[in-house]
Every structure is written in C-alpha cells, then in structure tokens.
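Trainee: This is the structure I want to talk about, given as structure tokens.
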Amino acid sequence: QQQQQQQQQQQLEEQRLEAVLVEEEVAQATVAFLPLTTLPRSSQISRTVRDGSDDREDPEVVIDSSIVALVDGVLRSEYLLAEQLRPRDMARLHAAIMPLQRAQLVNWISQSFFVLEFDDALLHSVVLSLDRYCACPRAHIEASTMQTLILAVVCTEMKVDGARSFPVGRWRAILSHLSAGRLELESILRKEYEVLSALDFRVGSPTALTFLRELALLLKDAEVAGRVVGLASFLLELTLFDPAMQYCRSQLLLAAGALAAGLRLAAVEQPAHFQWCSEMREVVFDELRIFAPELVNPQEEALCAEEELLDLWLTCLDVRAAAEAEARESSAKATTTMTTAGTTTTTTTTATPAETAEAAGSNGRSQSCQEGANSTGKRGAAELIRQPQPDSPAVCWYAPLEEKFARRRVLSVSTPEHTAAQRDIVGKALWQLRTTRG
Numbered sequence: 154q155q156q157q158q159q160q161q162q163q164q165l166e167e168q169r170l171e172a173v174l175v176e177e178e179v180a181q182a183t184v185a186f187l188p189l190t191t192l193p194r195s196s197q198i199s200r201t202v203r204d205g206s207d208d209r210e211d212p213e214v215v216i217d218s219s220i221v222a223l224v225d226g227v228l229r230s231e232y233l234l235a236e237q238l239r240p241r242d243m244a245r246l247h248a249a250i251m252p253l254q255r256a257q258l259v260n261w262i263s264q265s266f267f268v269l270e271f272d273d274a275l276l277h278s279v280v281l282s283l284d285r286y287c288a289c290p291r292a293h294i295e296a297s298t299m300q301t302l303i304l305a306v307v308c309t310e311m312k313v314d315g316a317r318s319f320p321v322g323r324w325r326a327i328l329s330h331l332s333a334g335r336l337e338l339e340s341i342l343r344k345e346y347e348v349l350s351a352l353d354f355r356v357g358s359p360t361a362l363t364f365l366r367e368l369a370l371l372l373k374d375a376e377v378a379g380r381v382v383g384l385a386s387f388l389l390e391l392t393l394f395d396p397a398m399q400y401c402r403s404q405l406l407l408a409a410g411a412l413a414a415g416l417r418l419a420a421v422e423q424p425a426h427f428q429w430c431s432e433m434r435e436v437v438f439d440e441l442r443i444f445a446p447e448l449v450n451p452q453e454e455a456l457c458a459e460e461e462l463l464d465l466w467l468t469c470l471d472v473r474a475a476a477e478a479e480a481r482e483s484s485a486k487a488t489t490t491m492t493t494a495g496t497t498t499t500t501t502t503t504a505t506p507a508e509t510a511e512a513a514g515s516n517g518r519s520q521s522c523q524e525g526a527n528s529t530g531k532r533g534a535a536e537l538i539r540q541p542q543p544d545s546p547a548v549c550w551y552a553p554l555e556e557k558f559a560r561r562r563v564l565s566v567s568t569p570e571h572t573a574a575q576r577d578i579v580g581k582a583l584w585q586l587r588t589t590r591g
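Right, here's the structure in full:
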C-alpha cells in the first residue's frame, strides 16, 4: 500500500510538471500567433474560468487556469478574424448558387453529420467555408461539380478539426461514404486545393456557434442552462438556411441574439427563472462592449438579431400550422361515403403537410396568424407589425431540422398540439421583446 501511494504521488507530481510545461507552451504559442489586444477591463467569461480553477490538485484544472490571462485577448482576436472573413457579397453568393439549392445542400450536410454523430461546430464551419468560396470572385462553380465542391470543403474542415478527431484513414472513409463511392479521392483533393487557393488558405474561422459556446460559459451551473443553449443552437442552425440573415451582422452579435432569445424563451416556459434569465441577458450584452468596443450600440444590434430570429421561427411555425390545418381540411373533404348494392364503402385520401404547404399560401398563413393572436391575447399586438418571410429557404426545410432537434429533446415531437403550444411560447416571447423595445 505504501508503494502504491508513493507511485500515485509520483504520478501526480509528473502530471503537475506536465501541466506547467503545457502552460508555458500555450502562452508562448498564443502570444506568437494571435494578435492579442489589451482590453480596458477583464470580461465576465475570464472571471468565470478563473473562479472554476480553484482545484489545483486536478491537472486538467491547472491547464485550464493557465489560460485565464489569455481568454479576453483570444476572444477579441476571434471577433476580429470572424469579421475579416465574413461573407458580405450576397449578390455574388446567390449568383453562384441558388438559395433553394444551397438550402438543400445545407439540409443534406446537417442530416448526414447528425447520423454520423459529428459535432455541430463542423457543420457551421463547412457552411461558412462553402459560402466564403461561393462569394469569392475567384470561385469557379459548376452544377455538375457541386457534390465534389461540398466534399472538398468537408475534407478541409475535417483536417482543420485535427488528426485526433479525424485521422487519415477515417476522413478518407467518411468521404467515400458521403459520396457513395461515386467520386475518386483524387478529384476531391484537386477541388480542395482549388477552394483553398481561392480562400488564400484561410480556413477555420470562428462561427456564430463558436461565440455562442463561449458566451454560454456565463451560464455555468445554472439549472436551465442546457435548455437555453439548446434553443439558441437551434436558432443558429435555422439561420444556416438563410445566408442574408446569417451574415448581415457580426457572428458575435448573431450568437448573442440567439443566446438572448434562448433566455427569453426559457423565461416564458419557466416563469420561476424569469429574474435569472433577465440578469443573464444583461451580462451577455455587457460582454459585447468588451470584445467589440468599436460597435456604437452592440446591445441594440443584438436585440435586432434576437427579434429576427424569433420572427423567423414564428414564421416557420405559422406556415407549418397552416399546412397542417390545410391537410386536415383536405382530408375531411376527401372523405366520401359510397353505397353500392347495400354495402357502405368509405374512401379517405389524406394529403401530407408537406404536400399542402404550398397550397396553404399566404392567405392560410395570415388566417393562422390571426387565430394565434386571438388565442394568446397579448400576441395580437405583435402580429400587427410582423413581416412574415414565407419565401425564406428556412421555411422550406424547417420540418427536418425540427425533427433533428426533437431527437435531441430540445423540441417536442411535431404534432398539431405541440405546434400550437410552441407558437404560443415564441409569440409571447416576441411580443415581450417588441413591447420592451417600444
């Protein structure tokens, strides 16, 4: 037993020494390669990381505590890098790839990565790199090579993610699986080199999900933190289908808007946590002034992002509810009773919500919105100033995304009752937001 205790103490001492070495290497590497900026005051995120590093006996905690002094500078540098690489030429992006075709590709990537159990960070990185390439003047895109282009971007992002997650053998097998063996690896690698050349080999840019997870550190150990981050992640993934909304502002502001929306929705769902959610919203907005001091009014811009996200989700729910109502109406009309030779035969033809979504049209959506306003009372004021976006690609591909997050237990399984309940929650949250903003 004494020998075992000595061995354990020796191992702990070796781990502490290794942690010190890692601390020095991290500090040297960060200072050497990141344009760190001196900020006026420390952020709440860095203080949260520091407060969680009291256990000096745990080597992992020691390593985490070693980066406390670098947290603020890294976040500031990430913001600046994301701004440099954010796609801004939406006209060129839409000319290179049609919005509906792009949305179809995003849905395919999302569903494929979900089946393969990849981190959502990889999905956001692939979509960002694809959009950057499509918006690049040097991009050469043909419809016949679109699948090769997608797999080339996926190949790059898997390599950026690191050999630990995607060793050589694994990423090659994944590419073969995603292409169903129809594309040669050489053609994918050639396209990858073409994409990297057009992007000046600048990949791995921070995404909105990157900033969301960093801001979510502020919610540490909170009872509803998991629910809030889940809702915010869903809203961010919904914007992947709408590049105009995704890139019209800083990715940091988009992430802050999504997190603020998640906090507001959680407060509507669980009124007991209203005070905590309100306080956390103010903390999140205060962080923006530290990492983006050049912004005149970052809180107002984040509130605009929050409003647009909630409005987009409500539009998707309105269209879905209208389609479900139209499907039920069509089913009722298609039920006929025929009596032949004293025998009664009942024939029922039921249209699916997807088949009747287009038939529902704007009139059906307006009627559905008005019904929701009458049922929720206060929501009626918000409905009067809403500007629905039924033509957004996000509306067309909302159903599979909703099913994906229902499997993660973030959303409920889609039924007319659940759709109505979710519309009521989102509508109340949007009404509250617009009421406070005046």
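Under this note's numbering, think of the first position of the sequence shown as 154, with each following residue one higher. From the three backbone atoms N, C-alpha and C, an ideal C-beta is built for every residue, glycine too.
#1: Could you name each continuous alpha helix (DSSP H) segment of 4 residues or more that falls completely within the stretch 247-326, going from the start of the chain to the end?
#2: Whether or not the stretch 320-338 and the stretch 374-387 are in contact is what I'm after, with contact meaning three or more pairs of Cβ atoms, one per stretch, closer than 8 angstroms; do they touch?
#3: Reducing DSSP to helix, strand and coil, say where Glu-440 ends up.
#4: Using a 10 Å radius around the Cβ and a threshold of 16 neighbouring Cβ atoms, would you call Lys-557 buried or exposed?
#5: Distance, Cα to Cα, Asp-284 vs Arg-255?
#6: Can you look up Ser-350 in the DSSP assignment and give me helix, strand or coil?
#7: Quick one: what does DSSP say Glu-556 is sitting in, helix, strand or coil?
#8: Tell me whether Asp-395 sits in a helix, a strand or coil according to DSSP, three-state version.
#9: What number of angstroms, rounded off, separates the C-alpha of Gln-155 from the C-alpha of Leu-165?
#10: Can you tell which of Gly-580, Gly-322, Ala-333 has its C-alpha closest to the C-alpha of Leu-467?
#11: Does the distance from the C-beta atom of Pro-359 to that of Leu-234 stay below 8 angstroms?
#12: Helix or strand or just coil, what does DSSP make of Cys-430?
#13: In the structure shown, what three-state DSSP assignment does Pro-212 receive?
#14: Could you work out which residue in Cys-289, Glu-461, Glu-453 is closest to Ser-545 when comparing CA atoms only?
#15: Keeping to the same chain, check which residues put their C-beta closer than 6 angstroms to that of Met-243; ignore five residues upstream and five downstream.
#16: Quick check on DSSP: helix, strand or coil for Ala-180?
#17: Which same chain residues end up closer than 6 angstroms to Leu-406 when comparing Cβ atoms and leaving out the 5 residues on each side of it in sequence?
#18: How many whole angstroms separate the CB atoms of Ala-288 and Arg-355, which I take to be in contact at a CB cut-off of 8 angstroms?
#19: List the endpoints of the continuous alpha helix (DSSP H) containing Gly-226.
#20: Are the CB atoms of Arg-417 and Ala-574 within a distance shorter than 8 angstroms?
#21: Going by the CB atoms, is the gap between Phe-364 and Ala-408 shorter than 8 angstroms?
#22: Taking Tyr-400 and Pro-240 to be in contact with their CB atoms under 8 angstroms, please state how far apart those CB atoms are, rounded to whole angstroms.
#23: With DSSP run on the structure shown, which of helix, strand or coil describes Trp-550?
#24: What whole-angstrom Cβ distance do Ala-351 and Leu-412 have, given they're in contact under 8 angstroms?
#25: Determine the DSSP secondary structure at Thr-589, reduced to helix, strand or coil.
#26: Going by C-alpha distance, which of Phe-394, Val-437, Glu-390, Arg-434 is nearest Ala-361?
#27: Measure the CB-CB distance between Glu-440 and Ile-198 and report whether it falls below 8 angstroms.
#28: Inspect the beta-carbon positions of Phe-394 and Val-563 and report whether they are closer than 8 angstroms.
#29: Since Ser-282 contacts Val-306 with CB under 8 angstroms, what's their CB separation in whole angstroms?
#30: Assuming Leu-276 and Ile-262 are in contact, meaning their beta carbons sit under 8 angstroms apart, how far apart are those beta carbons, in whole angstroms?
#31: Check each candidate in Phe-267, Ile-303, Thr-392, Cys-308 and name the one with the smallest Cα separation from Trp-550.
#32: What residue range does the alpha helix (DSSP H) around Ser-483 cover?
#33: How many angstroms separate the CA atom of Leu-372 from the CA atom of Arg-434?
#34: Quick one: using the 10 Å Cβ neighbour count with 16 as the cut-off for buried, is Ile-327 buried or exposed?
#35: Using the beta-carbon count (16 or more within 10 Å), is Ser-515 buried or exposed?
#36: Measure the C-alpha to C-alpha separation of Gly-357 and Glu-270 and round it to an integer number of angstroms.
Mentor: If we stick to the structure as given:
#1: 252-268, 273-287, 299-314
#2: Contact annotation: the stretch 374-387 does not touch the stretch 320-338, with fewer than three C-beta pairs closer than 8 angstroms.
#3: Here Glu-440 sits in helix by DSSP.
#4: buried
#5: 9 angstroms
#6: helix
#7: helix
#8: Here Asp-395 sits in coil by DSSP.
#9: Looking at the two C-alpha atoms, the distance is approximately 15 angstroms.
#10: Gly-580
#11: yes
#12: Cys-430: helix per DSSP, three-state reduction.
#13: helix
#14: Answer by Cα proximity: Glu-461.
#15: By the criterion of a C-beta distance shorter than 6 angstroms, Met-243 is surrounded in its chain by Ala-397, once the five residues flanking it on both sides are discounted.
#16: Low confidence applies here, because Ala-180 scores a pLDDT of 47, under 50, leaving its location unreliable and the question unanswered by this model.
#17: Hits under 6 angstroms: Glu-454, Ala-455, Ala-458.
#18: Not a contact, Cβ separation roughly 14 angstroms.
#19: 221-238
#20: With a cutoff of 8 angstroms on beta-carbon distance, Ala-574 and Arg-417 are scored as not near each other.
#21: yes
#22: Right, the Cβ-Cβ distance comes to about 5 angstroms (below 8 angstroms), so this counts as a contact.
#23: Here DSSP, grouped into helix, strand and coil, assigns Trp-550 to coil.
#24: The Cβ separation is near 33 angstroms, so there is no contact.
#25: helix
#26: Glu-390
#27: yes
#28: no
#29: 5 angstroms
#30: The Cβ separation is near 6 angstroms, so the contact holds.
#31: Thr-392
#32: Following the DSSP letters along the chain, one finds Ser-483 inside the alpha helix (DSSP H) bounded by residues 451-487.
#33: 10 angstroms
#34: buried
#35: A caution first: Ser-515 carries a pLDDT of 40, below 50, which makes its placement in the model unreliable, though a value can still be read off. The residue in question, Ser-515, is exposed, as its Cβ has fewer than 16 Cβ neighbours within 10 Å.
#36: 20 angstroms
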